[in-house]
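Protein chains in written order, with the numbering used here: chain A, 58 to 240; chain B, 4 to 466.
Just so it is clear, CB atoms sit at the ideal spot from N, CA and C, and this is done for glycine as well.
Predicted model only: the values in this text are computed from it and were never measured.
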Amino acid sequence: MDAPEQRFTRLYDTHYRAIVSYFLRRVGSSSLAHDLAEDVFLVAWRKLDHLPSGDEGLYWLFGLAKKLLWNHNRKAATRIRLGHRLRAPGEPAAQQPEDQVVRNDDARAVIRALGTLSDADQEVIRLAYWDDLPHAVIGELLGCSRSAADVRLHRAIRRLRKAMARSGHFQVEELQLPAQKET
Amino acid sequence: MLTDEQVIELVRRADPAPDQERLEPRHDALTLLAAGDDGRTGRILTPRKTLKLPAGRRWLRSAAAFVAALVLVLGAIGIVALVSGDDPDAADEPIATTPVPVTADAPATTAAPEPEAAVTTAAPPEPSAPPATTAPPTTEPPLTFADGTWNLVELGFRASEVTSTRLGLMAVGREAERSGIYLSETGERWDLVLDGPIDGGLGGGVVEHAGAFYVFGTSDSAGRLVMRSEDGTTWTQVALPTVSRDEGVVQGAASDGDILLAYMWDIVFLSADGIEWVALDAAQSGLLENVSLEGVIAFDGHFYGTEYNDERILYASDTGADWQPVHTFARDEFGWPSVGHDGVLYLGGFTFDQGLGPMEAALWRMPDGETVERIDLAQAVFPPGEGWTEAIVLHDRGVLLSFHVEPTGSHLIAGPGMATLEIVDDPVFEGAEGLNAVTFDDRILLFGEKNGVPHAWIWTPVD
């Protein structure tokens, strides 16, 4: 049996990037994201004996991260203030080389459109396509079944699609994306 | 129009953290472990200048409070001597902290608006009480929230804070890309009195203190600051002390009449005049290191605040500088001070499972400055989901509570007392979310979003 320090180190090395990415996608501030990730792992250290192993451990960390983030954003007022102060997610943290300008322009437009959706819609999209979590885990994090998570995600994407269309930013013919399906 | 697949691809490309390999672990946690961390070690901030509290005014206030208390005691003795039978202070009995069975036909028999009244008057009459020899006086049924109307008003801005002031309602909020300060006499019509003068944003509380108004903000160029006004229309910028943390905004503020306090995570800013400020870090203030203050209110001569860490603790301070823990929540509980009334501090919050289970809204009260009791509200059981207490309103007409529950949004319960609350089933609240509350005159204003659009719900009593 590994010593607790060894188990924790392995857990930390394996999952730190996923957890700090989770926060980077939601708070937009690198410093804050690292602080919150640090809090997650401090709690994980204290609860190490109860932590599941493997992927289950990662999902447990996501659950904890969600609670810490939720508490961070708890008050609507705080959320609004932070939203203003800490910029839209992705803008400063994703300061990319100049050849990424167009991509960033698209990214900003996506994030703006995403921001017009409800918190629930935004979160299910982030969990699925940014955090790449299995839908069963998304359901667990959202407090619903896997099938309910599927439905939520499907509806959220539909609403995002409409929001992106309303923005007028995306011209299908200019995008090098998967071709539009025949209907 | 884009296909779903194209939308998903664009979403993936917009990932703000696409390259996880570039994220170097800071190994802070490992460092802390190596140092034998007990879970409380954290950043040590550089000590800053000592706060000069207005000792004279504080002493004067204490003296005034003593005299007032003496007068009250003498007055109470006089009343007791003059009045026999009905106890006018019965409403001050502490509220039951265990569930009180409420039957559908249980009438609210008291006209007293005190939240506890419904509990204390629910007790059956003494069996040995002599029969009334005279006809009982005719009493009007108590006025409740049903005796009033809700008016829904769409706001042109997202209000982050609203405060009742001598000028009316004052709000800080955002519309489009700017933030501003707004004034309203009634809550229905709002005037922008300060149009985003700084390049960071306003927020972090609206406070009236010693005759002036304060709104906290952040400037990309000047850092954290406070806007100050004595008339609500002319605002000047006051700098807050520089602190070691370069991220973060002032989260909230409160005034006890002598001290104006603002807080940002583990840092407390204090001022007597709103112009000269000092910053205290966690170590200086007696708060634990590495805490994150979650809500501070001034009530009954003290500041109360809770911190969120692995342990959730309620602190109290009579100066804003020295904080003492007064209550540690159970490991599955967390409450934050919300509103004070008649010597009782009420705390909203939630309970949760340690794992991935849902959080449920919860409510606490502290009747004596020391003991924190859980209030069990059978009525506040909503469908499973992430939930917490949003707003607590203690009004002459009774109690109004708002709870957030994911994914359905805000749910309201109201009634004459804590034991007689019922779900507010009014279509005007459909789609409501993120409700905060403020009372002004005899009206109540809830502000939040309805179907994603900023709104205010204004309750006006009808006599």
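- Residues of the region 195 to 223 of chain A with a C-beta atom less than 9 Å from some C-beta of chain B are Glu197, Leu198, Leu199, Gly200, Cys201, Arg209, His211, Ile214, Arg215, Leu217, Arg218, Lys219, Met221, Ala222, listed in chain order.
- Of all alpha-carbon atoms in Pro21(B), Leu205(B), Thr168(B), Arg169(B), the one lying nearest the alpha-carbon of Ala164(A) is that of Pro21(B).
- A contact is defined here as three or more CB-CB pairs under 8 Å, and the region 445 to 452 of chain B fails this definition with respect to the region 371 to 388 of chain B.
- A check of alpha carbon separations from Asp371(B) across Gly206(B), Ala319(B), Pro419(B), Met421(B) identifies Ala319(B) as the nearest.
- Looking at the DSSP output, Glu157(B) bridges to His458(B).
- Contacts with chain A at 8 Å (Cβ-Cβ) do not include Val229(B).
- Contact between Val271(B) and Gly190(B) fails: their C-beta atoms lie close to 31 Å from each other, not under 8 Å.
- For a Cβ distance threshold of 7 Å, nothing in chain B lies close to Leu126(A): the least Cβ distance comes to about 12 Å.
- The beta carbons of Thr237(B) and Pro419(B) sit about 44 Å from each other, so the pair does not count as a contact at 8 Å.
- In the DSSP assignment, Phe216(B) is bridged to Glu211(B), Ser232(B).
- Taken atom to atom, the span from the alpha-carbon of Gly437(B) to that of Glu393(B) is near 7 Å.
- Looking only at Gln179(A), Ala94(A), Ser87(A), Leu68(A), the smallest Cα-Cα distance to Arg216(A) is reached by Gln179(A).
- By DSSP's assignment, Val208(A) forms no beta bridge with any residue.
- Membership of Val342(B) in the beta strand (DSSP E) is indicated by the continuous run 336 to 344.
- Between the beta-carbon of Ala101(A) and that of Leu121(A) there is about 7 Å, and that keeps the pair under the 8 Å contact cut.
- Identification of residues in the region 68 to 85 of chain A having a C-beta nearer than 9 Å to some C-beta of chain B yields Tyr69, Asp70, Tyr73, Arg74, Ala75, Val77, Ser78, Tyr79, Phe80, Leu81, Arg82, Arg83, Gly85, given in sequence order.
- From the listed residues Lys123(A), Arg83(A), Cys201(A), the smallest Cα separation to Phe98(A) is found for Lys123(A).
- Ranking Phe353(B), His344(B), Asp325(B) by CA distance to the CA of Phe332(B) puts Phe353(B) first.
- With respect to the 8 Å criterion, Gly412(B) and Gly434(B) are classified as neighbours on the basis of their beta carbons.
- In this structure, the beta-carbon distance from Asp7(B) to Trp187(A) does not fall below 8 Å.
- Only buried fits His212(B), as 16 or more other CB atoms lie within 10 angstroms of its CB.
- The criterion of a C-beta distance shorter than 8 Å is satisfied by Leu184(A) and Leu198(A).
- Residue contact check for Asp163(A) against chain B: a CB pair falls below 8 Å.
- Setting aside the 5 residues that flank it on each side, Thr168(B) is surrounded in the same chain by Glu211, Phe216, each with a C-beta closer than 7 Å to its C-beta; the list follows chain order.
- At least 8 Å separates the CB of Glu211(B) from every CB of chain A.
- When C-beta distances to chain B are compared with 7 Å, the residues of the region 165 to 197 of chain A below that value are Val167, Ile168, Ser175, Ala177, Ile182, Tyr186, Trp187, Glu197, in chain order.
- The beta carbon of Ser182(B) is closer than 8 Å to those of Val175, Gly176, Gly199, Gly204, Leu205, Gly206, Gly220 in its chain, skipping five residues each way along the sequence.
- Shown here for Gly308(B): same chain residues with a beta carbon closer than 6 Å to its own, the five before and five after excluded, namely Leu296, Val299, Tyr318 in chain order.
- When DSSP reads this structure, Ser87(A) sits in no beta bridge, so it has no partner.
- In the structure shown, Glu143(B) adopts coil according to DSSP, grouped into three states.
- The DSSP-derived three-state label of Gln240(B) is strand.
- In this model, Leu263(B) and Asp284(B) are separated by some 16 Å (Cα to Cα).
- With respect to the C-alpha of Glu314(B), the residue from Asp96(A), Tyr69(A), Ile76(A), Arg64(A) having the closest C-alpha is Asp96(A).
- In summary, Ser187(B) is buried, with 16 or more beta-carbon neighbours lying within 10 Å of its beta-carbon over all protein chains present.
- Nearest in C-alpha terms to Arg67(A), of all of Leu125(A), Gly111(A), Ile214(A), is Gly111(A).
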